Amino acid sequence: MPELPDVEGFRRVLADHAVGRRIRDVEVFDSGVLRGVNAAGLRQALCGRSFGEPWRHGKYLFAPVAPRKDQATLILHFGMTGSLQWTAERHRFDRVAFTFRGGRLAYRDLRKLHGLRLAHDPQEVSQVVSRLGPDAADVSREELQQALSRLRRQVKPALMDQSVVAGLGNLLVDEILWRARINPHRSTADLRPSDVADLYSRMRTVLRQSIAAARVPPRKTWLTGRRDDPSGACPRCGSPLSHGRLGGRSTTWCPTCQPR
DNA sequence: GTGAATGTTCATTC
DNA sequence: GGAATGAACATTCA
Numbered sequence: 016m017p018e019l020p021d022v023e024g025f026r027r028v029l030a031d032h033a034v035g036r037r038i039r040d041v042e043v044f045d046s047g048v049l050r051g052v053n054a055a056g057l058r059q060a061l062c063g064r065s066f067g068e069p070w071r072h073g074k075y076l077f078a079p080v081a082p083r084k085d086q087a088t089l090i091l092h093f094g095m096t097g098s099l100q101w102t103a104e105r106h107r108f109d110r111v112a113f114t115f116r117g118g119r120l121a122y123r124d125l126r127k128l129h130g131l132r133l134a135h136d137p138q139e140v141s142q143v144v145s146r147l148g149p150d151a152a153d154v155s156r157e158e159l160q161q162a163l164s165r166l167r168r169q170v171k172p173a174l175m176d177q178s179v180v181a182g183l184g185n186l187l188v189d190e191i192l193w194r195a196r197i198n199p200h201r202s203t204a205d206l207r208p209s210d211v212a213d214l215y216s217r218m219r220t221v222l223r224q225s226i227a228a229a230r231v232p233p234r235k236t237w238l239t240g241r242r243d244d245p246s247g248a249c250p251r252c253g254s255p256l257s258h259g260r261l262g263g264r265s266t267t268w269c270p271t272c273q274p275r
């Protein structure tokens, strides 16, 4: 599930409900999601403290621990199935829960591909961020142009590479390329500046609308709304959609709108 | 039982 | 050195 818009939604959940409130308890139901920290360490770092204003870069969510003199930051990554929920109800896939007066915040994740880290100082945080390209919701057209022009790769895997631009996942990239009428197999080396300009403006639109919905909205007018239908037709031209694998990921495109 | 799933990382092989 | 590929991680669901 989680790409940039989803994680931005989780950021809002944390910001709206938990920031500034005393963390009364940290329950670890499954330590399989803890990375580089154990349950006792996490409890000790967080209990009695609170979260400061959370921020996001790409698909990572950073929750600074207050008071700031502690210099610690909780780093969350949601893998393919994670989420952050403000809910009183315990769910079978809740792996960690933070308890506050008046509610609880659950890190819920089916597959446990990623999870929670605790950075003890700003260096550890910048270490994580330094491996990422500019945030997709924040990057300028010039930056994107430059990042892509350095590569000679198929455009889809290039855009999904978090060190090129951070935050785009499988669904978003398919959606953006479809709107920009760029075939996912095309090489970044062959993109004209006008292609990148198109790509950029489509990316902005898709991100803005997806962030508002806290997900890639499964609308029938979007490619995303049709990709799971094996006999799906392009919402724009009606051609049967093509399906394949690219960079190891399932890929959907329109052979008419997105010629090679 | 099999394969696939909106992610990342590592090893291997061009 | 880059780029492409496949496996691995853990788990459920169709």
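The working numbering puts the first sequence at residues 16 to 275.
Every residue gets a Cβ at the ideal spot worked out from N, C-alpha and C, and that includes glycine.
None of these values were measured; they are calculated from a predicted model.
**Request:** Inspect the beta-carbon positions of Q161 and P208 and report whether they are closer than 8 Å.
**Result:** Not a contact, by the Cβ cut-off of 8 Å.
**Local Cβ density within 10 Å of L128, reported as buried at 16 or more and exposed below that** = The residue in question, L128, is exposed, as its Cβ has fewer than 16 Cβ neighbours within 10 Å.
**Request:** List in chain order: all unbroken alpha helix (DSSP H) runs of 4+ residues lying wholly within the region 46 to 133.
**Result:** The region 46 to 133 contains these whole alpha helix (DSSP H) runs: 54 to 61.
**Item:** C-beta contact flag for L183 and L19 at 8 Å
**Value:** Yes, they are a contact pair.
**Prompt:** For F108, which residues of its own chain have a beta-carbon under 7 Å away from its beta-carbon, when the five flanking residues on both sides are left out?
**Reply:** These residues qualify, in order along the chain: R123, D124 and L125.
**Request:** Using a threshold of 8 Å, state whether the C-beta atoms of L91 and A78 are closer than that.
**Result:** Yes, the Cβ-Cβ distance between L91 and A78 is below 8 Å.
**Request:** Please look up how many angstroms separate the CB atoms of A112 and R167, rounded, as I've assumed it's under 8 Å.
**Result:** Beta-carbon to beta-carbon, A112 and R167 are separated by about 46 Å, too far to satisfy the 8 Å threshold.
**Message:** Which runs of the alpha helix (DSSP H) at least 4 residues long sit entirely within the region 177 to 226? Give them in chain order.
**Reply:** Annotation: the region 177 to 226 contains the following complete segments of the alpha helix (DSSP H) (minimum length 4 residues), in chain order: 185 to 194.
**Message:** Given a cut-off of 8 Å on the beta-carbon distance, is the pair A248 and S257 in contact?
**Reply:** Not a contact, by the Cβ cut-off of 8 Å.
**Request:** Look up G24 in the DSSP assignment and say whether it is helix, strand or coil.
**Result:** Note: G24 maps to helix in three-state DSSP.
**Message:** Report the CB separation of L147 from S98 in whole angstroms; it is logged as a contact under 8 Å.
**Reply:** By a beta-carbon distance limit of 8 Å, L147 does not contact S98. Their separation comes to about 21 Å.
**Request:** Mind reading off the beta-carbon distance from T239 to E190? Whole number of angstroms is fine, and I expect it under 8 Å.
**Result:** Between T239 and E190 a beta carbon distance of about 5 Å is seen, short of the 8 Å cut, so the two are scored as contacting.
**Buried versus exposed call for N53 [16 or more other C-beta atoms within 10 Å across all chains shown]** = The residue is exposed, with fewer than 16 neighbouring Cβ atoms inside 10 Å.
**Request:** Label I269 either buried or exposed according to how many other C-beta atoms from any shown protein chain fall within 10 Å of its C-beta, with 16 as the threshold for buried.
**Result:** Correcting the residue type first, residue 269 is Cys in the shown sequence and not Ile. With 16 or more Cβ atoms within 10 Å of its Cβ, C269 is classed as buried.
**Request:** Just mark S141 as buried or exposed, buried being the case when its beta carbon has 16 or more other beta carbons within 10 Å.
**Result:** By the 10 Å Cβ count, S141 comes out exposed.
**Message:** Let me check understanding here. Comparing Cα to Cα, which of L131, V221 and I197 lies closest to L61?
**Reply:** For L61, the nearest C-alpha among the options comes from L131.
**Prompt:** Is T267 helix, strand or coil by DSSP?
**Reply:** DSSP places T267 in strand when its eight states are reduced to three.
**A173 (DSSP reduced to helix, strand or coil)** = Three-state result, A173: helix.
**Asked** With DSSP run on the structure shown, which of helix, strand or coil describes R36?
**Response** Correct three-state label for R36: coil.
**Prompt:** Which term fits A227, buried or exposed, when burial requires 16 or more other beta carbons within 10 angstroms of its beta carbon?
**Reply:** Under this definition A227 is an exposed residue.
**Asked** Closest to G262 by CA distance: which of Q169, R230, D136 and W70 is it?
**Response** Taking each of Q169, R230, D136 and W70 in turn and checking the Cα distance to G262, the smallest one comes out for Q169.
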